[in-house]
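*Asks:*
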Amino acid sequence: MTEPPPAAGPSGRLLVIEDDDSLRRILRSALERAGHRVDDAEDGLVGAEKLGKGGYDVVLLDIGLPFIDGWRLLDILEGRRQPAVIVISARGDERDKVRALDLGADDYLTKPFGADELLARVRAVLRRVRGTAEAALVVRCGGVVVDLGARVVTRSGAEVRLSPTEYVLLAELARHPGVVMDHRTLLTRVWGPMYAGDRNYLRTFVQRLRRKLEFDPAEPEIVVTAGRRGYRFGPPAELGGQSAP
Ligand code: CA
2 MTEPPPAAGP SGRLLVIEDD DSLRRILRSA LERAGHRVDD AEDGLVGAEK LGKGGYDVVL
62 LDIGLPFIDG WRLLDILEGR RQPAVIVISA RGDERDKVRA LDLGADDYLT KPFGADELLA
122 RVRAVLRRVR GTAEAALVVR CGGVVVDLGA RVVTRSGAEV RLSPTEYVLL AELARHPGVV
182 MDHRTLLTRV WGPMYAGDRN YLRTFVQRLR RKLEFDPAEP EIVVTAGRRG YRFGPPAELG
242 GQSAP
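Dropping the structure here:
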């Protein structure tokens with residue numbers, strides 16, 4: 002038997018919640034070979050118990066599960082900063098994908114998928130969970146304060162709980178206040194090059210951020226749509242101090 006090459010990128014503590022015994026074993030061994038510490042659960046009830054104890058970086062979550070299904074588990078996890086959630090589901094339906102992202106999943110994998118794709122997504126999501134050390138920089142807009150050094154977001158003084166991916170998207174925008182970031186750049190920087198054309202992710206996560214940050218999500222002032230080009234944090238940056246006519 003040939004050993005796979007050592008894992009590139011971060012390793013983490015993972016929980017696999019999947020009721021299909023053979024798939025659960027395959028996922029577990031692929032992830033362990035890549036250097037991750039893996040725990041598993043064969044149904045939603047065991048999964049909920051293990052999640053309650055905490056300590057996981059990423060959860061791989063099946064939707065169709067006995068006792069407590071994946072939708073309900075997503076609901077329980079919503080608003081937690083950790084773990085990140087990758088939904089794995091047999092349903093290739095685009096509406097399910099949007100629903101999973103809308104309910105707080107960080108990513109979505111449709112069965113069947115290869116080990117390479119699985120490991121790439123886990124690496125990408127772990128990078129978002131861990132983040133990178135960043136110079137202390139605080140960006141303000143309206144009542145929202147994004148502290149990039151501490152990775153903390155507040156609205157009217159109260160902490161806003163964001164998922165790892167919600168935070169990374171907001172930070173990417175807030176690092177360039179008033180500047181339009183185009184769709185492809187945001188998708189590539191936040192999710193990775195393989196997502197560059199997948200606007201669904203961006204649209205869904207922008208809506209999630211607006212629900213948490215905006216005083217009126219229908220009239221956004223913090224995560225602003227910039228025509229068909231992309232999004233912008235706050236009002237447009239003034240060029241050379243000139244005000245618009
Ligand atoms: Ca299942």
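Numbering (the working numbering), first residue to last: 2 to 246. Ideal Cβ placement from N, Cα and C applies to all residues, glycine included.
Report the three-state DSSP secondary structure of R211 (helix, strand or coil).
*Replies:* The answer is helix: DSSP assigns R211 an H, G or I state.
*Asks:* With a 10 Å radius around its C-beta and 16 neighbouring C-beta atoms as the bar for buried, classify E19 as buried or exposed.
*Replies:* Buried, because 16 or more other Cβ atoms sit within 10 Å of the Cβ of E19.
*Asks:* Please name the residue or residues paired with D108 in a DSSP beta bridge.
*Replies:* Answer is I87, bridged to D108.
*Asks:* DSSP three-state call for N232: helix, strand or coil?
*Replies:* Position check: residue 232 holds Tyr in this sequence, whereas Asn was assumed. Strand.
*Asks:* By DSSP's criteria, R141 is part of a beta bridge. Which residues make up the other side?
*Replies:* Looking at the DSSP assignment, R141 forms a beta bridge with V146.
*Asks:* Can you tell me where the alpha helix (DSSP H) holding I77 begins and where it ends?
*Replies:* Segment G71 to L78, the alpha helix (DSSP H) holding I77.
*Asks:* What are the boundary residues of the alpha helix (DSSP H) that L46 is part of?
*Replies:* That run of the alpha helix (DSSP H) goes G45 to K54.
*Asks:* With 16 other CB atoms within 10 Å as the buried threshold, where does L102 fall?
*Replies:* L102 comes out buried.
*Asks:* Listed by chain order, which residues have C-beta atoms less than 6 Å from any heavy atom of ligand 1?
*Replies:* In chain order, the qualifying residues are D20, D21, D63, G65 and L66.
*Asks:* Can you give me the Cβ contacts of T155 inside the same chain, cut-off strictly under 6 Å, excluding the 5 residues immediately before and after it?
*Replies:* Excluding residues within five positions, the ones whose Cβ falls inside 6 Å are V146.
*Asks:* Using only the alpha-carbon positions, how far apart do D97 and I87 sit?
*Replies:* Roughly 13 Å between the two C-alpha positions.
*Asks:* Hey, could you find the ends of the beta strand (DSSP E) V224 is sitting in?
*Replies:* Start and end: V224 to A227.
*Asks:* G132 CB to nearest chain D CB: under 9 Å?
*Replies:* You won't find chain D in this structure, because it holds only one protein chain.
*Asks:* Just to confirm, is the Cβ distance from G179 to E95 under 9 Å?
*Replies:* No, they are not a contact pair.
*Asks:* Taking contact to mean 3 or more Cβ pairs, one atom from each stretch, closer than 8 Å, check whether the region 27-34 and the region 42-51 are in contact.
*Replies:* Touching, no.
*Asks:* Where do the N-terminal and C-terminal ends of the beta strand (DSSP E) with A42 fall, by residue?
*Replies:* First-last of the beta strand (DSSP E) with A42: R38 to A42.
*Asks:* For L16, I'd like the list of residues in its chain whose CB is within less than 8 Å of its CB, leaving aside the five on either flank, ordered along the chain.
*Replies:* Taken in chain order, the residues that qualify are V39, D40, D41, A42, G48, K51, L52, Y57, V59, V60, L61 and P84.
*Asks:* From this set, R25, R212, A106 and G231, which residue's C-alpha is nearest R258's C-alpha?
*Replies:* Any property of residue 258 remains undetermined from this structure, which presents the chain solely from 2 to 246.
*Asks:* In angstroms, rounded to a whole number, what distance separates the CA positions of M195 and L188?
*Replies:* If you take the alpha carbons of M195 and L188, they lie about 9 Å apart.
*Asks:* In or out: G55 buried (at least 16 other Cβ within 10 Å) or exposed?
*Replies:* The residue is exposed, with fewer than 16 neighbouring Cβ atoms inside 10 Å.
*Asks:* Using the C-alpha atoms, what's the distance from A172 back to R233?
*Replies:* Whole-angstrom Cα-Cα distance: 11 Å.
*Asks:* Grab the span of the beta strand (DSSP E) containing V191 for me, first residue to last.
*Replies:* Segment H184 to V191 is the alpha helix (DSSP H) holding V191; no beta strand (DSSP E) there.
*Asks:* Kindly indicate which three-state DSSP category T3 falls into: helix, strand or coil?
*Replies:* Note that T3 scores a pLDDT of 44, beneath 50, so its modelled location is shaky; the value from the coordinates is reported in the next line. Correct three-state label for T3: coil.
*Asks:* So for E160, helix, strand or coil by DSSP?
*Replies:* Strand.
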